[in-house]
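These notes concern the structure reproduced below.
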Amino acid sequence: DAQIESSRAIMGLDTQLIDDGTYFVVTCAGALAGCGGWSRRSTMYGGDKTPGRSAALLDPARDAARVRAMYTHPDFVRRGVGRLILSLCEDAARKEGFRRVELGATMAGEPLYRACGYQPGKRIFDDTGGAPVPIVMMWKTI
Numbered sequence: 197d198a199q200i201e202s203s204r205a206i207m208g209l210d211t212q213l214i215d216d217g218t219y220f221v222v223t224c225a226g227a228l229a230g231c232g233g234w235s236r237r238s239t240m241y242g243g244d245k246t247p248g249r250s251a252a253l254l255d256p257a258r259d260a261a262r263v264r265a266m267y268t269h270p271d272f273v274r275r276g277v278g279r280l281i282l283s284l285c286e287d288a289a290r291k292e293g294f295r296r297v298e299l300g301a302t303m304a305g306e307p308l309y310r311a312c313g314y315q316p317g318k319r320i321f322d323d324t325g326g327a328p329v330p331i332v333m334m335w336k337t338i
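Residue numbering for the sequence shown follows the numbering used here, starting at 197 and increasing by one per position.
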């Protein structure tokens, strides 16, 4: 599917999250169950090769932290992995003084974020990888 291929251009891992120590990995019996992180930097989504990235630091007094690079392995969906990672991200951002978090949700992720109290905002179609990928911008007060 062209949309799946296109999403790979905008959904890769951003190693800045690892360098910043804001990326979490959840394992179960040695298997990768899920991963995700948050950022104090302005890039909303995308991997190392995604154009338009910015490492500029956000101001916790006026900006929202970013929840980024969320993924749950299909064998572990609907088992609390995504919620756990999301709560770790929110708690860490709150400890650094952020009062809001934002994210760009895929259609598959939107129900989880809504269930966790995120509000939908603008819907966009990112065609960086060719076929347009629908993304809904979402936010939450923490």
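Cβ coordinates follow ideal geometry from the N, Cα and C atoms, glycine included.
The straight-line gap separating the alpha-carbon atoms of leucine 308 and arginine 279 is approximately 8 angstroms. Boundaries of the beta strand (DSSP E) harbouring leucine 228: 227-235, taken from the DSSP string. Taking one beta carbon from each stretch, the region 265-276 and the region 311-326 have fewer than 3 pairs nearer than 8 angstroms; the two do not touch. Excluding sequence positions up to five before and after glycine 243, its CB lies within less than 6 angstroms of the CB of Gly208, Leu209, Asp210, all in the same chain and listed in chain order. For isoleucine 206, the three-state secondary structure derived from DSSP is coil. Rounded to the nearest whole angstrom, the CA to CA distance from glycine 317 to valine 297 is 13 angstroms.
Between the C-alpha atoms of arginine 236 and alanine 257 there is a straight-line separation of about 12 angstroms. If the five residues before and after alanine 205 are omitted, its C-beta is found closer than 6 angstroms to the C-beta atoms of Thr324, Gly325, all from its own chain and listed in chain order.
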